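Inspection log for the structure reproduced underneath, given as structure tokens.
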Amino acid sequence: MHKKQLAEQFCSRLWDSFFASLRSTELLTPCEKRVLEKLWLLGTIKTSTCDVYPGHTEFARSLRVSEHRVKLALKKLEMKGFIKCVRRGVSYLLNPLLLEAAYDRTKRDYPDLLAS
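Using my numbering, the first residue of the sequence shown is number 114, and each one after it goes up by one.
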């Protein structure tokens, strides 16, 4: 298998591991999990930042929840250390330790994908 294919498989497994871990945590409510997952999907991995946040109204609409629930989930995620609001709700820093844990788990579970 080529290096590019191995890297793509590793990244795919990494994201599967990351989102499975996020969905299975008991630290977050279902709404908080959905909000955090969506922030990561909108975010930039290199900077661990979601700087394309569309605003509470649009974000709530995309998740099919009320704007109030989104605001509450964002506040709780920040209190729990999963995100940090920067620029007043326009941008969010995402805790990179979550992704690092998924990376370590994927590297351990699939060492053959990084062997080359």
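Every residue, glycine too, gets a C-beta built ideally from N, C-alpha and C. None of the values given here were measured: they were computed from a predicted structure.
Straight-line gap, residue i to residue j (C-alpha atoms, nearest Å)
i: Glu213; j: Ala186; result: 23 angstroms
i: Cys163; j: Glu139; result: 23 angstroms
i: Ser175; j: Arg147; result: 11 angstroms
i: Arg182; j: Gly168; result: 13 angstroms
i: Val203; j: Leu155; result: 12 angstroms
i: Glu121; j: Trp153; result: 18 angstroms
Closest Cα partner of residue i within the set the options
i: Leu127; options: Leu227, Asp225, Ala215, Leu226; result: Ala215
i: Ala133; options: Val199, Arg218, Phe172, His181; result: Arg218
i: Lys159; options: Asn208, Leu135, Asp222; result: Asn208
i: Asp222; options: Gln118, Lys116, Phe123; result: Phe123
i: Lys193; options: Val203, Lys117, Glu145; result: Glu145
i: Leu210; options: Lys189, Val199, Leu152, Phe131; result: Phe131
i: Arg177; options: His115, Arg136, Lys151, Ser125; result: Lys151
Start-to-end residues for the alpha helix (DSSP H) that takes in residue i
i: Pro287; result: No answer is possible for residue 287: the residues shown for the chain start at 114 and end at 229.
i: Glu121; result: 116-137
Beta-carbon separation (whole angstroms), residue i vs residue j, contact threshold 8 angstroms
i: Leu206; j: Ser161; result: 6 angstroms
i: Glu191; j: Lys197; result: 6 angstroms
is_contact[residue i, chain B] using C-beta, thresh 8 angstroms
i: Lys184; result: In the displayed structure, chain B is absent; only one protein chain is listed.
(message) My parser needs the alpha helix (DSSP H) runs of 4 or more residues fully inside the segment 159-221; what are they?
(response) 169-176, 180-192
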